[in-house]
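Here the structure is laid out as structure tokens; the discussion comes afterwards.
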Amino acid sequence: MTVESKTVGETLVDLLEANGVEVVFGIPGVHTVELYRGLATSKIRHVTPRHEQGAGFMADGYARVSGKPGVVLVITGPGLTNTITAMAQARQDSIPMLVISGVNRRDSLGHGRGLLHELPDQNGMMKTLALYSHTLLNPADLPLVVDRAFAVLLSGRPGPVHIEIPTDVMALKIEGRPAKPAAPTRPRSDSETLQKAAILCAEAARPVILCGGGALTAEAEVRELAERIGAPVVTTVNARGMLAGHPLRVPASPSLKAVRALLREADLVLALGTEMGQTDYDLYADGGFPLLKNLIRTDIDAAQLARGPQAALSILSGAKAATAGILGFLPDHAAAKDGSLRAEAARKAALKELTTKMLAEIGVVEAIYRTLPDCTIVGDSTQAVYAGNLYCDAPRQRAWFNSATGYGSLGYAPPAAVGAAVADRGRPVICLVGDGGFQFSLAEIGSAVDANARVVFLVWNNDGYREIESYMVESGITPEGVKPSAPDFLLTAEAYGLPAERLATVKDLPRALAAAASRPGPSLIEIHQERTAGATA
């Protein structure tokens, strides 16, 4: 029997398909063309950004909406280094991303011969950032390497992984074999630990649950546990929308005094899938986050459990399995009567803390959800997003995410919004971006056009880096470097063939959004902080 042989590039496409990959984001080049062999005849869709950083951010947005790893295909050297910022954002926010790059031929590695796109040690550089990075020296190892990459992506705390393939390996042929999906395994806690947690939950009179992005898959279990023990549920930025509309929800930042008071008064705090990092828990870097009594901490990453606040009980497990396990051991227990009352009080107190300006900005976010309740808002590091991260009552999970947390990169939202729209063509995507951040990735408007992505670019124009300017003034520093000139965004949109409108008043936003969302492709709406009435207080 003759065994069919295929090139490494063709086999790679087969392996990606076997692992459920439906979309790849990338820019082809001489150093990756062999990896594209067979891609056009596969079921995988290729989306071309205008910059490799955009490819990474698209993969990030795709992963957050679809729940599947985002896949990036870039050339060696500058293609990969351009992707690093997006990988860092994914690492900080625990987003599964597979980056496949080229690298120069095997006999050149480490010799510094001045080859095109050469780096001193590309794999060594990537190992400082990726959860797993491998150089494919033996073409026959490809199935094992891809299997391990997906196992890493799907088994523990997610993040970016990297495979690099030398240019002289890409066209080599290997024996064909049936491509199989990776078999991930997730840690599960022992019964004794889960039973201890259940007893602590049952005995608590004022419990509170903290949910991070790692708890998104456990929403049903979290709701049941919260209802049974009467616990308000505080959601971080990456978990916003969990328990939407539920009386126990607290969609406010743990950096706010009202939420900290709720946690300080609790006699039990159950933290699920949250790294408890500074951008969620100590945004203002004031060191005021309280010591938590009876903290039960659940995380899929053992190293993460060793960081941050000291826990009375640590559970190494995914949030869904841990919460289900606690429920299984939870005795009949009358829920504390003040659970919803405590949650309501925290919501009201959190809103009272916010400035009039922030409330106006949150009002814009609320207007978006009222008009388009099924939309997804993808945000950049901009003032309206900062306000929403402090308080955003999103209508469902995965409907609010942005780069103004974790790594905090600018220019994230436009490409990430394209990725989100590719992942779910049935929902409109609102890209909420500032005039400064938009210019980091302005050309990705063209990517949205090419992908026919249903994205509404909602530009929050305050004539520069207003957030940084305000901070400099408050710090007694004469503002410098905070007024970069912006193009006329309406003319820019017109150049790409997008319908565009600058609002005279925020009251026109619902009408403009409804019109934009009714179109099959991208649109642009500008809110100018000075020229749009009601944009801010």
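Once you know that position 78 of the sequence shown is 78 in UniProt numbering, the rest is easy, because the numbers rise by one and skip nothing.
We put the beta carbon where it would ideally sit given N, CA and C, even for glycine.
Rounded to the nearest angstrom, what separates residue 205 and residue 423 at their Cα positions? 42 Å
Would you kindly report the start and end of the unbroken beta strand (DSSP E) that includes residue 559? For residue 559 there is no data in the structure shown, the boundaries of the chain being 1 and 537.
How is residue 461 classed by DSSP in three states: helix, strand or coil? strand
For my contact list, residue 61 and residue 420 are in at a C-beta cut-off of 8 Å; report their separation, rounded to the angstrom. 4 Å
The alpha helix (DSSP H) that contains residue 369, what's its start and end? 356–371
Can you tell me which of 14, 93, 258, 33 puts its alpha carbon nearest to the alpha carbon of residue 402? 93
By how many angstroms is the C-alpha of residue 218 removed from the C-alpha of residue 427? 23 Å
Report yes or no: do three or more beta-carbon pairs, one from the stretch 338–346 and one from the stretch 358–368, lie closer than 8 Å? no
Looking at residue 460: is its Cβ nearer than 9 Å to the Cβ of residue 397? no
Enclosing beta strand (DSSP E) for residue 500 [first to last residue]: 500–502
CA-CA distance, residue 4 and residue 177? 8 Å
Relative to the C-alpha of residue 174, which residue among 77, 190, 10 is closest? 10
Which partner residues does residue 70 have in the DSSP bridge list? 97
Check whether the stretch 46–65 and the stretch 105–122 touch, using three or more Cβ-Cβ pairs below 8 Å as the test. no
Considering Cα atoms alone, identify which of 84, 430, 96, 157 is closest to residue 122. 84
What residues match up with residue 132 in a beta bridge as DSSP calls it? 161
Which term fits residue 284, buried or exposed, when burial requires 16 or more other beta carbons within 10 angstroms of its beta carbon? exposed
What does a CB cutoff of less than 8 Å around residue 267 pick up in its chain, not counting 5 residues either side in sequence? 204, 205, 206, 207, 293, 294
In whole angstroms, give me the CA-to-CA distance for residue 151 and residue 326. 26 Å
Work out the CA separation of residue 418 and residue 91 for me, nearest whole Å. 20 Å
Kindly indicate the opening and closing residues of the alpha helix (DSSP H) around residue 392. Where residue 392 is concerned, there is no enclosing alpha helix (DSSP H), given that its DSSP letter is neither H nor E.
Measuring only the C-alpha atoms, how far is residue 320 from residue 110? 45 Å
Let me know the secondary structure DSSP gives residue 454 once reduced to three states. coil
Going by DSSP, what residues sit across from residue 268 in a beta bridge? 207
Would a C-beta distance cut-off of 9 Å place residue 387 and residue 354 closer than the cut-off? yes
Exposed or buried, residue 307, counting other C-beta atoms within 10 Å across all chains shown (16 or more means buried)? exposed
Can you tell which of 524, 137, 100, 199 has its C-alpha closest to the C-alpha of residue 329? 199
Whole-angstrom distance between residue 309 and residue 286, CA atom to CA atom: 16 Å
Residue nearest to residue 215 in terms of C-alpha spacing, selected from 52, 243, 525: 243
What three-state label does DSSP hand residue 24 in the structure shown? strand
Is residue 589 near residue 188, with beta carbons less than 9 Å apart? No answer is possible for residue 589: the residues shown for the chain start at 1 and end at 537.
Specify whether the stretch 462–470 and the stretch 493–501 touch according to this definition: at least 3 beta carbon pairs, one from each stretch, less than 8 Å apart. no
Alpha carbon to alpha carbon, how far is residue 36 from residue 357? 50 Å
Residues of its chain near residue 77, where Cβ-Cβ distance is below 7 Å and the 5 sequence neighbours each way are ignored: 117, 118, 119
Which one of 391, 312, 15 has the shortest CA to CA distance from residue 346? 391
Which residues mark the beginning and the end of the beta strand (DSSP E) in which residue 34 is found? Taken as a continuous stretch (DSSP letters only), residue 34 belongs to no beta strand (DSSP E), as it is neither H nor E.
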